[in-house]
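**Q** Structure incoming, see below.
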DNA sequence: ACTAAAAATACAATCGATTGCATCAAACCA
DNA sequence: TGGTTTGATGCAATCGATTGTATTTTTAGT
């Protein structure tokens, strides 16, 4: 009773026909007459046949499956990216295998090997923080498996990259604060060795410049952008000689830490100080007041990544044109920054 | 150049030996001498060989892979359950395929079919809200693939179930509030047709009873437990004739809505009203004050589910003993409920 | 040195589905 | 009616790895 999986041969035997005909019928080939097709389909249902994709994929040398690796599936940005990928993949008849590297290079390497061993048709990945080079992609590259790297800048020559325009996001955020009437805007910046934070700083500066507000070095406060950093920075803000009326934080978490401190000190948000964060983390909408922020368009980035991958799936590897796509983030205006209207 | 995947036959040919020896060497069988083993391994590395798991799994009739289906990977409870599963699986040399049903029965059915077609060795699932019966599991059952259902009660006779003890969680929460000195505790309850909310209500009652506090029907406020429900309920709380000094909410989101309203009305938390939520959602720790809550022990439930699955994987299906495991949740005491010490 | 036992390797079938080619039957036309 | 075209089905190789059995080589024992 144990080993009773039904194969096409069982169906063939039951109907006294050849298994190749069964295979063709199940794949709806027009080389099988309608009559026998129906007979086969009925019998397949009756026996509870389920195609063995291992065998099928092995033979076809194609799995119709793509692998997705992200640092953490629980992060909002990543889970929405995954949803975007799944949507696109589903439309094209592909399955998606989701994996998380937990920001560990070793796990990332293992996952890539496993996906490769399972012969996925392509991989979409946001690399871990520990990933400094891309040597572990070489195997895939060699056998022509296309790869799309999203969320994190990759400087290899022949890579497909889908990135967020941090500059524009920061520009929009700062510009919005200015349009709300802010004159003295502090920027919470992150580790300067990371591209994203440098670009967000640039966007902040550009917006000031557009409105002919002089840039003041002392209004840029650096930290690792944890929640407690936000609290400490808010304390600093209140001690600044300029009377600060706006904060653009390079992430949500620090903005929230600051918001809580400021509220405790009786500062009214947004009336006294308007705040905009960055990332649209799960908490930002729940805060009181809800935090304005920059949405990283995870869903859109996921869809674009998947589309880019599919473009390459149908092209011989030698003929593939690597491409970099820059996604514009969108400003989510909520209560924490509305001084007007 | 395109189709250049290396197989064991390529290695065999390069070394003028038989591919079966190569296979055995790569599997570290003791039927191959150390000398040839080394030769083979070296050549495999040199050629960049990567095992084709499709072929291997097909032949062995075993994939060393388990499938996990959850409604949403982004929910904290599920992502921690997945982490628990992955940890356990990794130790046993299994891979994990993660899927999300998005609470849709149709997607769940598709996922189960795909996993079955890919011949996963077992499945761990938290069923979608739309799932009212388990007919779509029949195929798996027929070919002996073990299934573990977690998080949601399942009344089928031969099912493995890993559940949270909602009663105990609610009891602990309420008991904690009483021990903090609360006398008049409101309970925010959810849809009464759901088991979980009925059990949480029971736990609340039991804790009152233990401390000989009379149960008052009017202190149980029903809603769908959305954030805005929390706000409305808090309003009600303030209008109650009893002077309420504690709230046990059957989830975090409603607790947070209530907290924000109460703070706005000048109520001090926890001094005037202590609050405990349920679920340990991502937001609870970030609130001000941080919200005490019941942690659903996702990680532990994941580990237990995986262990239960593995127990069954190594046993013939006829000999399997279905088992139900009840997990005790743990109380996370944070600021929102500390009236003492 | 010769045989028995042990170790190492080779052979060939197998897992389940797919697919190019061959075969057979039915239909068509002159 | 006989030959040809079209349509439907069968045959057999194949994908890449595994594994029971057979064969060869090595080692050991007397």
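Chains as they are written, first to last, in the working numbering: chain A, 1 to 341; chain B, 1001 to 1341.
Each residue gets a CB set at the ideal place from its N, CA and C atoms; glycine is no exception.
Source: prediction; values computed, not measured.
Alpha carbon to alpha carbon, what distance is there between residue 270 of chain A and residue 1194 of chain B?
**A** Each residue's alpha carbon lies about 40 angstroms from the other.
**Q** Check whether the segment 50 to 61 of chain A touches the segment 272 to 283 of chain A, taking contact to mean three or more Cβ pairs, one atom from each stretch, closer than 8 angstroms.
**A** No, they do not touch.
**Q** Bridge partners for residue 1295 of chain B per DSSP, in chain order?
**A** B:1279 and B:1330.
**Q** Is it the case that the segment 289 to 296 of chain A contacts the segment 1292 to 1308 of chain B, given that we only count it when at least three CB pairs across the two stretches are under 8 angstroms?
**A** With a cut-off of 8 angstroms, the segment 289 to 296 of chain A and the segment 1292 to 1308 of chain B do not count as touching, because too few Cβ pairs lie within range.
**Q** Note down, in chain order, every chain B residue with its Cβ under 7 angstroms from the Cβ of residue 420 of chain A.
**A** Summary: the structure shown does not reach residue 420 of chain A, with chain A confined to residues 1 through 341, and so no result is reported for it.
**Q** Going by other Cβ atoms of all chains shown within 10 Å of its Cβ, with 16 needed for buried, is residue 1349 of chain B buried or exposed?
**A** The structure shown does not extend to residue 1349 of chain B, since chain B is modelled only from 1001 through 1341, so no value can be given for it.
**Q** Can you list, in chain order, the residues of its chain whose CB lies under 6 angstroms from that of residue 1305 of chain B, leaving out five sequence neighbours each side?
**A** Once the five neighbours on either side are set aside, the close Cβ partners of residue 1305 of chain B are 1124, 1148, 1150 and 1162.
**Q** Beta strand (DSSP E) containing residue 1227 of chain B: first to last residue?
**A** Taken as a continuous stretch (DSSP letters only), residue 1227 of chain B belongs to no beta strand (DSSP E), being part of the alpha helix (DSSP H) at 1227 to 1239.
**Q** Assuming residue 1131 of chain B contacts residue 1108 of chain B under a Cβ cut-off of 8 angstroms, what Cβ separation, rounded to an integer in Å, is found between them?
**A** With 8 angstroms as the limit, residue 1131 of chain B and residue 1108 of chain B qualify as a contact, their Cβ atoms being about 6 angstroms apart.
**Q** With which residues is residue 65 of chain A paired in a DSSP beta bridge?
**A** In the DSSP output, where bridge partners are listed per residue, residue 65 of chain A has A:95.
**Q** Do you know offhand how far residue 232 of chain A's Cα is from residue 265 of chain A's?
**A** One C-alpha to the other measures close to 13 angstroms.
**Q** For a test of the three-state rule: what should DSSP assign to residue 185 of chain A, helix, strand or coil?
**A** Note: residue 185 of chain A maps to strand in three-state DSSP.
**Q** Only counting runs of 3 or more residues, tell me where the beta strand (DSSP E) segments fall wholly within the segment 81 to 140 of chain A, in order along the chain.
**A** If we require 3 residues or more, the beta strand (DSSP E) runs fully inside the segment 81 to 140 of chain A come out as 95 to 100 and 122 to 125.
**Q** First and last residue of the beta strand (DSSP E) that includes residue 221 of chain A?
**A** It spans 220 to 222 - the beta strand (DSSP E) in which residue 221 of chain A sits, taken as one unbroken run.
**Q** Under 6 angstroms Cβ to Cβ from residue 1261 of chain B, same chain only, skipping five residues before and after it: list those, please.
**A** 1231 and 1234, listed in sequence order.
**Q** Going along chain B in order, which residues have a C-beta closer than 8 angstroms to the C-beta of residue 94 of chain A?
**A** Correct list: empty, because the minimum Cβ distance to chain B is about 11 angstroms.
**Q** Of all Cβ atoms in chain B, is any one closer than 9 angstroms to the Cβ of residue 50 of chain A?
**A** Yes - at least one Cβ of chain B is within 9 angstroms of the one on residue 50 of chain A.
**Q** Using the rule of at least 16 other Cβ atoms within 10 Å of the residue's Cβ for burial, across every protein chain shown, is residue 27 of chain A buried or exposed?
**A** Looking at its Cβ environment, which holds fewer than 16 other Cβ atoms inside 10 Å, residue 27 of chain A is exposed.
**Q** Spell out whether any CB of chain A is found under 9 angstroms from the CB atom of residue 1204 of chain B.
**A** Answer no: the Cβ-Cβ gap between residue 1204 of chain B and chain A never drops below 9 angstroms.
**Q** From the DSSP output, in three-state form, read off residue 246 of chain A for me.
**A** In this structure, residue 246 of chain A counts as strand in the three-state DSSP scheme.
**Q** Answer yes or no: does any C-beta atom of chain B fall closer than 9 angstroms to that of residue 134 of chain A?
**A** Cβ-Cβ to chain B under 9 angstroms: no for residue 134 of chain A.
**Q** Excluding sequence positions up to five away, which residues of its chain have a Cβ less than 8 angstroms from the Cβ of residue 156 of chain A?
**A** Taken in chain order, the residues that qualify are 134.
**Q** Quick one: is residue 216 of chain A buried, meaning 16 or more other Cβ sit within 10 Å of its Cβ, or exposed?
**A** So residue 216 of chain A ends up on the exposed side.
**Q** How about residue 227 of chain A: is its C-beta nearer than 9 angstroms to some C-beta of chain B?
**A** Chain B, which has a Cβ nearer than 9 angstroms to the Cβ of residue 227 of chain A, makes this yes.
**Q** Counting C-beta neighbours from all protein chains within 10 Å, is the total for residue 1238 of chain B 16 or more, i.e. buried, or is it exposed?
**A** With fewer than 16 other Cβ atoms within 10 Å, it is exposed.
**Q** Mind checking residue 1355 of chain B: buried by the 16 CB within 10 Å criterion, or exposed?
**A** Residue coverage of chain B in this structure runs from 1001 to 1341, which leaves residue 1355 of chain B outside it and unanswerable.
**Q** Between residue 173 of chain A and residue 204 of chain A, is the Cβ-Cβ spacing less than 9 angstroms?
**A** For residue 173 of chain A and residue 204 of chain A, yes; Cβs fall inside 9 angstroms.
**Q** Rank A:96, A:85 and A:184 by C-alpha distance to the C-alpha of residue 115 of chain A and give the top, closest one.
**A** Checked all of A:96, A:85 and A:184; the closest Cα to residue 115 of chain A is A:96.
**Q** Could you tell me the boundaries of the alpha helix (DSSP H) in which residue 26 of chain A lies?
**A** 19 to 26 is the extent of the alpha helix (DSSP H) around residue 26 of chain A.
**Q** When the cut-off is 9 angstroms and only beta carbons count, does residue 76 of chain A lie next to chain B?
**A** Residue 76 of chain A counts as touching chain B.
**Q** Note down the Cα distance separating residue 94 of chain A from residue 325 of chain A, rounded to an integer number of angstroms.
**A** Each residue's alpha carbon lies about 22 angstroms from the other.
**Q** Give the C-beta separation of residue 1247 of chain B and residue 1188 of chain B to the nearest angstrom, bearing in mind that I take them to be a contact with Cβ-Cβ under 8 angstroms.
**A** Indeed, because the Cβ distance is near 7 angstroms, the residues count as touching under 8 angstroms.
**Q** Measuring only between beta-carbons, confirm whether residue 1058 of chain B sits less than 9 angstroms from chain A.
**A** It does; some Cβ of chain A falls within 9 angstroms.
**Q** What does the alpha-carbon distance come out to for the pair residue 1342 of chain B and residue 1061 of chain B?
**A** Beyond the ends of chain B as shown, which are 1001 and 1341, falls residue 1342 of chain B; an answer cannot be given.
**Q** Do you know how far the Cα of residue 1139 of chain B is from the Cα of residue 1074 of chain B?
**A** Spanning the two alpha carbons is a distance of roughly 29 angstroms.
**Q** Using a Cβ-Cβ cut-off of less than 7 angstroms, give me the residues of the segment 1264 to 1275 of chain B that come near chain A, in sequence order.
**A** Listed by position, the residues of the segment 1264 to 1275 of chain B near chain A (Cβ gap below 7 angstroms) amount to none.
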